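A.B. asks: Residue numbers for the sequence shown, in full-length UniProt numbering: 2 to 203.
Every residue, glycine too, gets a C-beta built ideally from N, C-alpha and C.
None of the values given here were measured: they were computed from a predicted structure.
Before I ask anything, here is the structure I am working with.
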Amino acid sequence: SILHRAAFTTSAARLDQLPEPGAPEVCFVGRSNCGKSSAINVLTNQRRLAFSSKTPGRTRLINMFGIPDPITQGEALGYLVDLPGYGYAAIGREAREEWADVLGGYLHERQSLAGVVLLLDIRRGLTDLDRRLARWIAPTGRPVLVLLTKADKFPYGQRIKAVHAIKKELADIGTLKAIPFSATHRIGLEEAAAHIENWISP
Ligand code: GDP
Numbered sequence: 002s003i004l005h006r007a008a009f010t011t012s013a014a015r016l017d018q019l020p021e022p023g024a025p026e027v028c029f030v031g032r033s034n035c036g037k038s039s040a041i042n043v044l045t046n047q048r049r050l051a052f053s054s055k056t057p058g059r060t061r062l063i064n065m066f067g068i069p070d071p072i073t074q075g076e077a078l079g080y081l082v083d084l085p086g087y088g089y090a091a092i093g094r095e096a097r098e099e100w101a102d103v104l105g106g107y108l109h110e111r112q113s114l115a116g117v118v119l120l121l122d123i124r125r126g127l128t129d130l131d132r133r134l135a136r137w138i139a140p141t142g143r144p145v146l147v148l149l150t151k152a153d154k155f156p157y158g159q160r161i162k163a164v165h166a167i168k169k170e171l172a173d174i175g176t177l178k179a180i181p182f183s184a185t186h187r188i189g190l191e192e193a194a195a196h197i198e199n200w201i202s203p
């Protein structure tokens, strides 16, 4: 997978610190602890490319990982963009609002945004914050891939039921695909990778 070539490019604390929009970007969003960094790491086949929300300091930043173009060796083919996790209980209101500005601003204004990977813990489904995020994404018209993470925690039948229930609830978000995913058990890995690759290099 071309995603395996992803390498850290840059971090930004604010939107105005991001590089000028260029090659297509696929962003990853989800609640703290939803399994976002595990998903990025397994998709890129790297152990520590993205940092867990349990790692202090690193996760309030937007982290960009470039996928080098093997032919031009110049500008990246595309980027994976790890947006700060939300819903972490132990932070103040001010920091929460700042995150909302960063997330909302990125989703609404980033011209190079090609697709959104929304990660939801399959056992929790949608929380209020997830619904709020979904409502930010909908008007952007960007395609969304929902990864229902930690799917290994459910037996197959329960997994399928959860996928149906969450899909039903998400039906109002434009182009939407939801698949069960597990970083530890590699469930849905190939399908998710193919989807993301297609946004970067159709
Ligand atoms: P982040 O905060 O969203 O980046 O989440 P992490 O990737 O750090 O994962 C949070 C916790 O969930 C960690 O304890 C992981 O080991 C666990 N986790 C992540 N992905 C999976 C998975 O696919 N299956 C299981 N069983 N646990 C997972």
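Within this structure, are the beta carbons of L130 and Y89 separated by less than 8 Å?
C.D. replies: To locate residue 130, count along the sequence shown from 1; it is residue 129. To locate residue 89, count along the sequence shown from 1; it is residue 88. No.
A.B. asks: Quick check: does the Cβ of T45 come within less than 7 Å of any heavy atom belonging to ligand 1?
C.D. replies: Here residue 45 is taken as the residue at index 44 of the sequence shown, counted from 1. Because no heavy atom of ligand 1 lies under 7 Å away, the Cβ of T45 does not count as near it: no.
A.B. asks: According to DSSP, simplified to helix, strand and coil, what is S38?
C.D. replies: Position 37 of the sequence shown holds residue 38. Helix.
A.B. asks: Going along the chain, which residues of its own chain have a beta-carbon closer than 7 Å to the beta-carbon of F182, five neighbours each way excluded?
C.D. replies: Looking up residue 182 in the sequence shown gives position 181. Excluding residues within five positions, the ones whose Cβ falls inside 7 Å are A40, L148, L149, T150, A152, I188, G189, A193.
A.B. asks: Rounded to the nearest angstrom, how far is the Cβ of R143 from that of V117, given a contact under 8 Å?
C.D. replies: Residue mapping note: residue 143 aligns to position 142 of the sequence shown, counting from 1. Residue mapping note: residue 117 aligns to position 116 of the sequence shown, counting from 1. Going by Cβ atoms, the distance from R143 to V117 rounds to 5 Å, so yes, they are a contact pair.
A.B. asks: DSSP on E26, reduced to helix/strand/coil?
C.D. replies: Here residue 26 is taken as the residue at index 25 of the sequence shown, counted from 1. Strand.
A.B. asks: List the whole-angstrom C-beta distance separating I201 from P25, where the pair is believed to meet the contact cut-off of C-beta under 8 Å.
C.D. replies: Against the sequence shown, residue 201 aligns to sequence position 200. Against the sequence shown, residue 25 aligns to sequence position 24. Yes, I201 and P25 are in contact; Cβ-Cβ is about 5 Å, under 8 Å.
A.B. asks: Which of the three DSSP states is assigned to P181 in this structure?
C.D. replies: The count along the sequence shown starts at 1 and reaches residue 181 at position 180. Looking at P181 - three-state DSSP - the assignment turns out to be strand.
A.B. asks: Work out the CA separation of A195 and L78 for me, nearest whole Å.
C.D. replies: Indexing the sequence shown from 1 puts residue 78 at position 77. Indexing the sequence shown from 1 puts residue 195 at position 194. For L78 and A195, the distance between alpha carbons rounds to 15 Å.
A.B. asks: Quick one: is the Cβ of G36 within less than 7 Å of any heavy atom of ligand 1?
C.D. replies: Within the sequence shown, numbered from 1, the residue matching residue 36 stands at position 35. Within the cutoff, so yes.
A.B. asks: Return the Cβ separation of L119 and G31 in integer angstroms, given the expectation that the two are a contact with Cβ distance under 8 Å.
C.D. replies: Reading the sequence shown from its first residue, position 118 is the one you call residue 119. Reading the sequence shown from its first residue, position 30 is the one you call residue 31. Contact holds; Cβ gap of about 6 Å.
A.B. asks: Quick one: which unbroken alpha helix (DSSP H) runs of 4-plus residues sit fully inside the region 65-110? Chain order, please.
C.D. replies: Complete alpha helix (DSSP H) runs here, min 4: 94-110.
A.B. asks: With a threshold of 7 Å, establish whether the CB of S12 neighbours any heavy atom of ligand 1.
C.D. replies: If you number the sequence shown from 1, residue 12 lands on position 11. Not so, every heavy atom of ligand 1 lies at least 7 Å from the Cβ.
A.B. asks: State yes or no: is the C-beta of L114 within less than 8 Å of the C-beta of V145?
C.D. replies: Along the sequence shown, read from residue 1 onward, the residue named residue 114 stands at position 113. Along the sequence shown, read from residue 1 onward, the residue named residue 145 stands at position 144. It is not a contact, given that the beta carbons lie outside the stated cut-off.
A.B. asks: To the nearest angstrom, how far is it from the Cα of A163 to the Cα of I138?
C.D. replies: Taking the first residue of the sequence shown as 1, we reach residue 163 at position 162. Taking the first residue of the sequence shown as 1, we reach residue 138 at position 137. Between A163 and I138, the C-alpha separation is close to 22 Å.
A.B. asks: Using C-beta distances below 8 Å, list every residue in its chain close to T128, excluding the 5 sequence neighbours before and after it, in chain order.
C.D. replies: Here residue 128 is taken as the residue at index 127 of the sequence shown, counted from 1. R32, G88.
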